[in-house]
Amino acid sequence: MPFVALDWLKDHVEVVPGTDIKQLSYDLVKVGLEEEAIHPAAVIGPLVAGRVLTLDAKEQSNGKVINYCRVDVGEFNDRPGEGKEPSELPSRGIICGAHNFKVGDLVVVSLPGAVLPGDFQIAARKTYGHVSDGMICSQRELGIGDDHNGIIVLEQLLPEKAAAGELPAPGESVIELLGLGEETLEINITPDRGYCFAMRGVGREYAHSTGAKFTDLGLAENLPSGAVPAVTEDGFAVKVADEAPVNGNVGCDRFVTRIVTGIDAQAATPDWMVRRLEQAGMRSISLAVDATNYVMLDLGQPLHAYDLEKVCEPIVVRRAKAGEKLTTLDEVERTLDFEDLLITDSPQGQEGSRVLGLAGVMGGASTEVTADTVNVLVEAAHFQPTSIARTARRHKLPTEASKRFERGVDFELAPVAAQRVVDILVEYGGGTDSGRVSDLNNTEPFPEIVMPLHEPARLTGVEYDQETITRLLKDVGCEVRVEDGKVIAQPPSWRPDLTGPAHLVEEIARLAGYDTIPSRRPRPIAGRGYTPKQRARRDVGRALAQGGLVQVLSYPFISEDVFDSELLGEKDVRRQAVRVANPLADDQPLLRTSLLDTLLGVAQRNIARGNEQCAIFETGLVTRGMGTELTGSFGVAQKPDPDQQHALEKGVPYQPEHIAGVLVGQAELAGALGAGRSYDWADAVEFVRTVAQTLAVPMRVQGKDGRQRVTNDNMMGEPNSPEAVAPFHPGRCARIVVRGACVGLAGQLHPAVCRNFGLPESACGFEIDFEKFTAAMPKKDLQVKPVSSFPPAKEDIALVVEADIPAADVQQVIEKQAGDLLEEVRLFDVFSGEQLGEGKKSLAFSVKIRSREGTLSASEIQAVRTRIIKATAKKFKATLRA
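If you want it as structure tokens, here you go:
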């Protein structure tokens, strides 16, 4: 994000006297530029000028020659005395290994207590037989240059001030002199405020906030010459040949070139520019490159400098061709995409045959400015934002230029910015403006916006009169007129984000001050509120949280290795994932097909960071790729016709909403009340039951040996295959059945899956299709029945059945036979043994029944018992255990 320094800002706007960096952050936040951070000065503490009084050079045992110096540092001197020669003069003793200074030189001394860049703290220490009571500094140690071999001699660093007698006296601070004392404000820029990536834009917003006078240095009239030169016939030839425009928009609509010759290849970048570049987080490279970077940071126009001798006319802006490659300035060879917009030139008369760079992103290594460059071609262009954004993301190459182009750059700025670079190269590099100017300009003003005068009041609730509306829009930079009760505004060239009336209203409210909008409690509109599904999602989330789970939100992107880690079969439908064309991370190109795909990773990270108690859940969408037919983009210039809309809809994958959880650690911690208990498969099933109870949805829990036919509905693979329950343990999980269909799984995770994700082997989990649950919710409100005042009757019934018959199936029959009298049925014992016979088991149920009309008689109780025994005998051949 941009860094703002008060000294730099003053070039653009008359900053209110007494403003410090904190006040600046208050002023900017009023107009929507939020403070990201305040960065302290580069140097803290005593950094003073020192006069070298003596210099005693001695060779050490390691062969190094070390200087023991006595330095006059004014009020910071020690008292004179023996061993502090010259003993009659106050001074400080300092050890220094550099040899580029002599007695009498004025140097820069950091004293104990000072903190240099990199949190380098200065303290007195004994070394080479002496106490070094400070440090004589080099440029690199102060962060103002790369020279580390020699220390700073102020007479050499600042010869003009030395000649005028303006150097500081010994002991005086040099922090301000060297530009090291200024704090910087880092601000957060929203995507629609790209013009604030430049000091010009920040200055404009500061003027809006405070009313200070703003000077627009992006206008030709404010150049030293007062104008930009006209296009010449011998200007460097430029052509645009975009045969594949994105969404019908040609990728380049303006391209300005200027030529500067005879630059001194050894010319240094001026100190003030180096400091400003460093304040902005950039390093100095060479005068030509620094000039383009500085003007970009100052005005907002990205520029590029080419070695003129390496470029052949004409420059051609075109799209990439199949198989083309480019080695960019970062020395990476990149394979180009047909959508990439390129800058090319024409060696041997072959137009556009050689690639010079990725337009608006990064230049190529073949034409970069080097230490031998004396003739420079300056480029200042305007590119279509979408094209640049796609290229930067495709190549994972977010540069300072692409950040600005993808947000929209002022299309009128290019010639002024190019002239600024030319002026710098002429003044500081000794170059000559060749006078050759080209400006291929196909830009068009933004469309006018028509807004009713009452629109601001309608959207904000605040009445703004016509005069206020027109004044604020003019402050934004719009050309404004009022006709027939409507405001007609022409957005300025630096505001591509202003496209409709709502945007104008936003600007009016912003500049008038959000703090002036009164706080009013909105009146609810009858009949509005959450939809049933939204209420269901909220209620389920609360219920799971009350049960001890923590809700998380994970990114839906996964790697292809996840499916193997979860032990999914080769034909498992969950392997049919949708691939993202431009993923955020190359190793995660797929959209998840199960919430556990990402939730297991969340649990893994928590366990790795020491959070051993990790019970989490997530509600979110999964993406199934079966049957999708991907189609191209039809653009946004007009509404798709029915055929195009149908094609787009066919390309949208199925995205059901799921709920999943992972349980790791202790369900109950050990303590004074007990030994504690780890989560097990039954807890996972119980959390699913919590979901069902919250939504009043009847559900059954069925093991892998269930005989009743269950529709799988593509939830987890083939219902009876060993891989169907992955990533769960095949013998310790259950299928969740709603309306005869399997809608999820719950239980213990497979030990191999736990090892793959670095989880304890006792880890459990669940995942259910929330869409199926909400579809099974009662359509009408539940009718609450009054609690019976009559006593209940309890019957224990133990039935012997085949071992492969699920208890849930038997329980379902019991519930049906008990009818309206049933209050509760609970399986309290499962037994198998030799006395029952091979392949048999005993299921003991506790049945609680009660009438709301009177106390149940013994015959009525016996009738219910008899019906249960007969029905289970008929369906399962069950017998009553003796």
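Just so we're aligned: the sequence shown equals residues 1 to 882 in the UniProt record's numbering. Even for Gly, the Cβ is constructed at its ideal location relative to N, Cα and C. Since this is a predicted model, take the numbers as computed values, not measurements.
Asked, Found
"Residues near Gly703 in its chain [Cβ-Cβ closer than 7 Å; skip 5 each side]", "Ala734, Pro806"
"Separation of Glu771 from Glu400, as counted between CA atoms", "45 Å"
"Touching by the beta-carbon criterion (3+ pairs, under 8 Å), the stretch 42-62 and the stretch 197-206", "no"
"Three-state secondary structure assigned by DSSP to Gly819", "helix"
"Bridge-paired residues (DSSP) for Ala543", "DSSP lists no partner for Ala543."
"With 16 other Cβ atoms within 10 Å as the buried cut-off, status of Gln348", "exposed"
"Segments assigned beta strand (DSSP E), at least 3 residues, entirely inside the stretch 337-416", "341-345, 354-358, 376-383"
"Runs of alpha helix (DSSP H) wholly within the stretch 487-566 (minimum 4 residues, chain order)", "501-512, 532-546, 561-565"
"Val153 beta carbon less than 8 Å from that of Leu111", "no"
"7 Å CB neighbourhood of Val238 in its chain, flanking five on each side removed", "Phe255, Thr257, Pro314, Ile315, Ser438, Leu440"
"Val578 (DSSP reduced to helix, strand or coil)", "coil"
"Span separating the alpha-carbon of Val355 from that of Asp242", "14 Å"
"Option in Lys84, Cys137, Ala123, Ala5 with minimal Cα separation from Cys96", "Cys137"
"Own chain, CB closer than 6 Å to Ile659, minus 5 neighbours either side, in chain order", "Thr619, Ile768, Phe770"
"Distance cut-off 7 Å: Asn188 Cβ against heavy atoms of the ligand HEM", "Summarising the ligand content, the structure contains no ligands, and the ligand HEM is consequently not present."
"Delimiting residues of the alpha helix (DSSP H) encompassing Tyr128", "It is not in any alpha helix (DSSP H) - Tyr128 carries neither H nor E in the DSSP assignment."
"Straight-line gap, Met715 to Gly747 (C-alpha atoms, nearest Å)", "Model confidence at Met715 stands at a pLDDT of 43, short of 50, so the residue's coordinates are unreliable; what they give is reported in the following sentence. Their backbone Cα atoms lie some 16 Å apart in a straight line."
"Range of the contiguous beta strand (DSSP E) that encloses Lys840", "840-849"
"Proximal residues to Val198 (C-beta, below 6 Å), its chain only, five neighbours per side dropped", "The amino acid at residue 198 is misidentified as Val; the sequence shows Ala. So the list reads Leu299, Gly300, once near-sequence residues are dropped."
"Cβ-based burial, Gln534 [other Cβ within 10 Å; buried from 16]", "exposed"
"Inside the stretch 171-224 only - alpha helix (DSSP H) runs reaching at least 4 residues", "199-210"
"Cβ-Cβ distance between Leu549 and Phe617 below 8 Å", "yes"
"Among Met1, Val580, Asp586, Phe563, nearest to Thr598 - alpha-carbon criterion", "Phe563"
"Under the three-state DSSP convention, the category Glu88 falls into", "coil"
"Backbone CA spacing between Leu584 and Arg420 [nearest angstrom]", "37 Å"
"Nearest neighbour of Glu483, chosen from Pro496, Lys325, Gln466 [CA to CA]", "Gln466"
"Closest residue to Tyr195 among Val31, Gly118, Asp410, Thr370 (Cα-Cα distance)", "Asp410"
"Supposed close pair Val737, Met699 - CB separation, criterion 8 Å", "6 Å"
"Paired residues, beta bridge with Ala49 - DSSP", "Val108"
"Buried/exposed call for Arg850, threshold 16 Cβ in 10 Å", "buried"
"C-beta contact flag for Leu567 and Pro456 at 8 Å", "no"
"Where the alpha helix (DSSP H) containing Ser594 begins and where it ends", "Note, Ser594: premise wrong, no alpha helix (DSSP H); not H, not E."
"Inter-residue Cα distance where the pair is His304 and Asp423", "15 Å"
"Cβ neighbours of residue 909 in the same chain (closer than 7 Å, five flanking residues each side left out)", "Given that the chain is displayed from residue 1 to residue 882, the structure contains no residue 909 and the question cannot be resolved."
"Asn293, enclosing alpha helix (DSSP H) - first and last residue", "287-299"
"Cross-strand partners of Phe831 (DSSP beta bridge)", "Ser842"
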